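Going by the numbering used here, the residue at position 174 of the sequence shown is 174; the numbering climbs one at a time, nothing skipped. Note that CB positions come from ideal geometry on N, CA and C, so glycine has one too. Values in this document were obtained by computation on a predicted structure and should not be read as measured data. For reference, the structure is listed below as structure tokens.
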Amino acid sequence: MNMKNRTYLCIDLKSFYASVECVERGLDPMTARLVVADPERGPKTICLAVTPALKALGIGGRCRVFEIPPALDYIMAPPRMQLYIDYAAEIYGIYLRYIAKEDIHVYSVDEAFLDVTPYLHTYGLTAKQLALKLMDEILTEIGVRATCGIGSNLYLAKIALDITAKHSDDFIGELDEYSYREKLWQHRPLTDFWRVGRGTMQRLAAYGIYTMQQVAQADEALLYKLFGIDAELLIDHAWGREPVTIADIKAYQPKTNCLSSGQVLMRDYSFAEACLIVKEMVDQLCLELLDKQLVTASLSIYVGYSNNLHAAASKGSACLASAVSSDKVLIPAAVGLFEQIVDKDKPVRRINISFSNCLPEGNRQLSLFDNLDVVLQKNQQVQRTVLHLKKKFGKNTILKGMDLSPAATAKERNCQIGGHKSGN
1 MNMKNRTYLC IDLKSFYASV ECVERGLDPM TARLVVADPE RGPKTICLAV TPALKALGIG
61 GRCRVFEIPP ALDYIMAPPR MQLYIDYAAE IYGIYLRYIA KEDIHVYSVD EAFLDVTPYL
121 HTYGLTAKQL ALKLMDEILT EIGVRATCGI GSNLYLAKIA LDITAKHSDD FIGELDEYSY
181 REKLWQHRPL TDFWRVGRGT MQRLAAYGIY TMQQVAQADE ALLYKLFGID AELLIDHAWG
241 REPVTIADIK AYQPKTNCLS SGQVLMRDYS FAEACLIVKE MVDQLCLELL DKQLVTASLS
301 IYVGYSNNLH AAASKGSACL ASAVSSDKVL IPAAVGLFEQ IVDKDKPVRR INISFSNCLP
361 EGNRQLSLFD NLDVVLQKNQ QVQRTVLHLK KKFGKNTILK GMDLSPAATA KERNCQIGGH
421 KSGN
């Protein structure tokens, strides 16, 4: 089949987390006033989801709790991430009734791309009819409203969803390259388009470029000067082109891997307390390396200070003599880097740690005649046992002494998904 003549659906679950909480309470997700936010994190916490009824009143989808007018009557639902994942899995099961998994790309917990090209003839349906069928089954069986973009490539399906579907009575938008240029070439702001951030929009505006038509007709040399290789993607999208298919996404294999972990602390931490958090985070990343059979010789740390200080963050990197997954090597290396780059007199609020250039474990050759290698082999056996027990009985089955410190966060984070309460 001609890969150029394809039809994609991009299905989004409307205000997903908030809709799930409404369904669980027997409320209509389209009319109930509900936000998903953790009240224990205080009024500055960000709402993870807001129902359409609140959005209609001008409440932003990612607002902070204190930004909601106090006089407004609404329900605050603490996040239950595992529940949302379970609902998403049920909805994925509906897709699988009609579409093979090879033709589905799950973009996020509430959004998926479906290549329906070979199925339209089989079912004797148009793309819109198939989209409505899927959306109706999701609404009838799950209780969640879905919206859909239909496009002749992945980009256009996404844009049809993000920009045109919301203005349609049936919650469906449809675009091909011709209708994209006809309907959206003059659309503003540019940040409504996929992968165009505020910084990109501002840099283009400095040269009098405010629309996708102007991007398409701009001097390509200027765009490459401004954005480097990323200009190629911007130019393609300005014309409504996207060569990547779901098959390409499925076949993609990165040359190297990067593992990272980050957290925003619930209060300002002292230097010593923050160092403890670094140890916990690196310990968890080491188990992740082991689980994925990877090793690394490179780590980076980013530390943000108290919001009250308005101080520049500290960051730095360290390289090891050889690639490992051992906590006995990586934790001391991280602590040494932390002590080197962090101001001891400034309270810490944010920490990010990355292991870059992670390679398959087999790239490191261990030798029984090297005392260090023997130690690392024994350490790896202990780590594998710990990993096995955590997988079988839960992440808090085995804890280190440091995890029981009053300032530690690992025990609590082990009960979270994506930094939020799992709800279990």
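(request) Would you kindly work out how many angstroms separate the C-alpha atoms of TYR8 and THR117, rounded to a whole number? (result) 7 Å
(request) Could you say which of SER326, THR245, SER317 lies nearest to LYS378 if we only look at CA atoms? (result) SER326
(request) Using beta-carbon positions only, say whether ALA323 and LEU359 come within less than 7 Å of one another. (result) yes
(request) With a cut-off of 8 Å on the beta carbons, I'd call ARG33 and ILE75 a contact; round off their distance for me. (result) 7 Å
(request) Enumerate in chain order the residues of its own chain whose CB-to-CB distance from ILE59 is below 7 Å, with the five nearest sequence positions on each side excluded. (result) VAL50, ILE68
(request) Report the residue from ALA311, TYR155, ILE46 whose alpha carbon sits nearest the alpha carbon of ILE246. (result) TYR155
(request) Tell me whether GLN293 sits in a helix, a strand or coil according to DSSP, three-state version. (result) coil
(message) Helix, strand or coil, according to DSSP, for GLN202 in the structure here?
(response) helix
(message) Judging by CA-CA distance, which residue of ILE249, ALA216, ASP248 is the nearest neighbour of LEU233?
(response) ALA216
(message) Please report the straight-line C-alpha distance between PRO406 and PHE393, rounded to a whole angstrom.
(response) 24 Å
(request) Kindly list the residues whose CB is nearer than 8 Å to the CB of PRO79, restricted to its own chain and excluding five residues on each side of it in sequence; keep chain order. (result) TYR17, VAL36, ALA37, ASP38, LEU48, HIS420, LYS421, GLY423
(request) Classify GLN340 as buried or exposed, calling it buried when 16 or more other Cβ atoms lie within 10 Å of its own Cβ. (result) exposed
(request) Can you check DSSP and say which residues form a bridge with THR147? (result) ASP12
(request) Just the C-alpha distance for VAL20 and ASP110, rounded to the nearest angstrom, thanks. (result) 11 Å
(message) Is it the case that the stretch 330–348 contacts the stretch 278–291, given that we only count it when at least three CB pairs across the two stretches are under 8 Å?
(response) yes
(request) Could you tell me if PRO254 is buried or exposed, where buried requires 16 or more neighbouring beta carbons within 10 angstroms of its beta carbon? (result) exposed
(request) Since I believe GLN284 is in contact with TYR409 (beta carbons under 8 Å), could you give me their beta-carbon distance rounded to a whole number of angstroms? (result) The sequence shown places Thr at residue 409, not Tyr. Going by Cβ atoms, the distance from THR409 to GLN284 rounds to 11 Å, so no, they are not a contact pair.
(message) Going by the DSSP bridge assignment, what does HIS105 pair with across the sheet?
(response) PHE113
(request) Determine, using beta carbons only, whether PRO52 and MET30 come nearer to each other than 7 Å. (result) yes
(message) Could you tell me the alpha carbon to alpha carbon distance between TYR207 and TYR269, rounded to whole angstroms?
(response) 44 Å
(request) Could you say which of LEU387, ASN414, ARG188, ASP345 lies nearest to GLN293 if we only look at CA atoms? (result) LEU387
(message) Could you check whether ILE85 and ARG62 sit closer than 7 Å to each other, using their CB atoms as the reference points?
(response) no
(message) Measuring straight from C-alpha to C-alpha, what distance separates VAL342 and LYS315?
(response) 8 Å
(message) Is it buried or exposed, PRO43, if we count other Cβ atoms within 10 angstroms and call 16 or more buried?
(response) exposed
(message) Residues in the same chain with beta-carbon distance under 8 Å from LEU120, minus the five sequence neighbours each way, listed in chain order, please.
(response) THR7, THR126, ALA127, LEU130
(request) Output the distance between the C-alpha atoms of ARG25 and GLU90, rounded to the nearest integer angstrom. (result) 18 Å
(request) Specify the secondary structure class of SER367 as computed by DSSP and reduced to three states. (result) Unreliable positioning characterises SER367 in this predicted model, as indicated by a pLDDT of 48, which lies under 50. A coordinate reading is not provided.
(message) Assuming SER317 is part of the beta strand (DSSP E), what are its boundary residues?
(response) 314–324
(request) Could you please give the first and the last residue of the uninterrupted alpha helix (DSSP H) stretch that includes GLN82? (result) 81–96
(message) For ASP73, which residues in the same chain have their Cβ closer than 7 Å to its Cβ, ignoring the five residues on either side in sequence?
(response) ARG33
(request) Mind the definition here: the stretch 189–203 touches the stretch 159–168 only if three or more C-beta pairs lie below 8 Å; say whether that holds. (result) yes
(message) Does GLY362 come out as helix, strand or coil in the three-state DSSP assignment?
(response) helix
(request) Report yes if the C-beta distance between LEU57 and VAL144 is below 7 Å; otherwise report no. (result) no
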